[in-house]
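K.L.:
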Amino acid sequence: MKGIKDYKGLLGEPKIYINVYSEKRLDKEFLESLRKEVIWRYNLDLDLSDFYRMARKDELLKPIVTKFCGLRPMHAGSLYEYLIIAIVLQNATVKRSVYMMQTLFERYGTLLEFAGQKLYCFWEPKVLAQASEQKLRDLKMGYRAKSLIKVSQSFVEEKNYLTKNSRSCKFCKIDFDEISLRKKSQKEQESFLLSLYGIGSASVGYIMFDVFHQWDFLKYISPWEQKIYSKIFFNRSPNKPVSMKKMLKYFEKWGKWRNLAVHYVWENIWWQRRNKNVPWLEKLIRL
DNA sequence: CGGCAGGTGCGGA
DNA sequence: TCCGCACCTGCC
């Protein structure tokens, strides 16, 4: 794996072994594609040495990258799954988002059980593509009902594009549309996402980073994040937040790593919150 | 009770 | 390109 030479002495040579269980025999080709998919989604191949070289010269970042050496962002799910999560996060408190996600799983997902653990699996896009808007409203999705359906529909149609080369596995959902999107330019990815109904600048920001691994993509900051950023990057009161424009300008100093840098600082704050009470932060979180 | 928060679509400047 | 409003629900 790349990227470990920089801190080999410290961390050794990390290795990850994965056991895959299946009801039917899985061929070599599938296992290899799964291996590659895990490496991508968990960013195991991400070479952080250039980022750390830069961060070590930065007063704010230096202690954080030292503490979190090797930390990398990851999203285990697919693009479609993230889109659903993004819609459920819009205009809602954490509690309400959790309620909506749980309700969707119970109504449209599949309950799986393995080794005594029960977990819900996502539905296929076509399931929600055919769902009734009224039903989703009855399940308290609010006006998100329309977005959930329309996003799902566009994925069903996207699938039709790639008839021949697309393979899908019953047991593991690997979306091959997503794989071709990964190779597209940042601009193309952005415009594709924005073309989806119910997906705007905030959701695009999260997806460009978490799903497409664009570490420099940072062009929108939501109001609640803006308040927290004002405090941690500028030591300004969350009541009088620094303007988004100024913030984005400030983050440019971290160049192609700017969003990753912001995430490291962000992660650090939440880590602190686990260990001690951070009163100003508590007020800004809508649980 | 009424007002407010929050991300997006949409229509209009 | 930017602004202001509507949308749905739950919380204060």
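Note that the working numbering gives residue 1114 to position 71 of the first sequence, counting from 1, and the numbers run on in steps of one. Here a beta-carbon is modelled for each residue, glycine too, at the ideal position from N, C-alpha and C.
Quick check on the burial criterion: 16 or more other C-beta atoms within 10 angstroms. Buried or exposed for N1311?
P.N.:
Classification of N1311: buried, given that the 10 Å Cβ count is 16 or more.
K.L.:
Look at the alpha carbon of K1110 and the alpha carbon of P1266, and state the distance between them as a whole number of angstroms.
P.N.:
Their backbone Cα atoms lie some 28 Å apart in a straight line.
K.L.:
Three or more beta-carbon pairs under 8 Å between the segment 1148-1160 and the segment 1118-1126, yes or no?
P.N.:
Result no; under three Cβ-Cβ pairs closer than 8 Å.
K.L.:
Count the other C-beta atoms from every protein chain shown that fall within 10 angstroms of the C-beta of Y1186, then say buried if there are 16 or more, exposed otherwise.
P.N.:
Classification for Y1186: exposed.
K.L.:
Indicate the three-state DSSP secondary structure (helix, strand or coil) for L1126 in the structure shown.
P.N.:
Looking at L1126 - three-state DSSP - the assignment turns out to be helix.
K.L.:
Within 10 angstroms of the Cβ of K1183, are there 16 or more other Cβ atoms? Answer buried if so, exposed if not.
P.N.:
Classification of K1183: exposed, given that the 10 Å Cβ count is below 16.
K.L.:
Could you check what DSSP says for T1109 in three-state terms: helix, strand or coil?
P.N.:
It is helical.
K.L.:
In the DSSP assignment, find the beta strand (DSSP E) that holds K1156 and state where it starts and stops.
P.N.:
Here the sequence assigns Glu to residue 1156, which means Lys is not the residue at that position. Here the beta strand (DSSP E) through E1156 covers 1153-1157.
K.L.:
Report the rounded CA-to-CA distance for N1208 versus L1224, giving the unit in angstroms.
P.N.:
Here the model assigns N1208 a pLDDT of 29, short of 50, so the residue's position is not dependable, and the following value carries that caveat. In a straight line, the C-alpha of N1208 is about 14 Å away from that of L1224.
K.L.:
Nearest CA to the CA of C1112: which residue from Y1125, L1126, D1093, I1130?
P.N.:
Out of Y1125, L1126, D1093, I1130, D1093 has the C-alpha closest to the C-alpha of C1112.
K.L.:
On a CA-only basis, which of Y1163, W1300, E1066 is nearest D1090? Give me that one, please.
P.N.:
Ranking the options by Cα distance to D1090, first place goes to W1300.
K.L.:
Would you say Y1307 and L1104 are within 8 Å of each other, going by their C-beta atoms?
P.N.:
Yes.
K.L.:
Check whether the segment 1241-1259 touches the segment 1270-1278, counting contact only when three or more Cβ pairs, one atom from each stretch, lie closer than 8 Å.
P.N.:
Short answer: they don't touch.
K.L.:
Start and end of the alpha helix (DSSP H) containing K1274?
P.N.:
Note, K1274: alpha helix (DSSP H), 1266-1277.
K.L.:
Which complete alpha helix (DSSP H) runs does the segment 1074-1101 hold, if anything under 4 residues is left out?
P.N.:
With a minimum length of 4 residues, the continuous alpha helix (DSSP H) runs that stay inside the segment 1074-1101 are 1092-1098.
K.L.:
Out of Q1315, K1296, E1066, Y1064, point me to the one whose CA is closest to D1101's CA.
P.N.:
D1101 has its Cα closest to that of K1296, out of Q1315, K1296, E1066, Y1064.
K.L.:
Assuming N1302 and L1236 are in contact, meaning their beta carbons sit under 8 Å apart, how far apart are those beta carbons, in whole angstroms?
P.N.:
The Cβ separation is near 15 Å, so there is no contact.
K.L.:
Out of V1170, N1086, I1130, which has the shortest C-alpha to C-alpha gap to Q1196?
P.N.:
Measuring from the Cα of Q1196, the nearest candidate turns out to be V1170.
K.L.:
Using the C-alpha atoms, what's the distance from P1106 back to Q1177?
P.N.:
Their Cα atoms are separated by approximately 51 Å.
K.L.:
In terms of DSSP beta bridges, what is L1162 paired with?
P.N.:
Looking at the DSSP assignment, L1162 forms a beta bridge with L1155.
K.L.:
Using only alpha-carbon positions, find the residue among F1198, V1131, A1098 that is nearest to V1108.
P.N.:
Out of F1198, V1131, A1098, A1098 has the C-alpha closest to the C-alpha of V1108.
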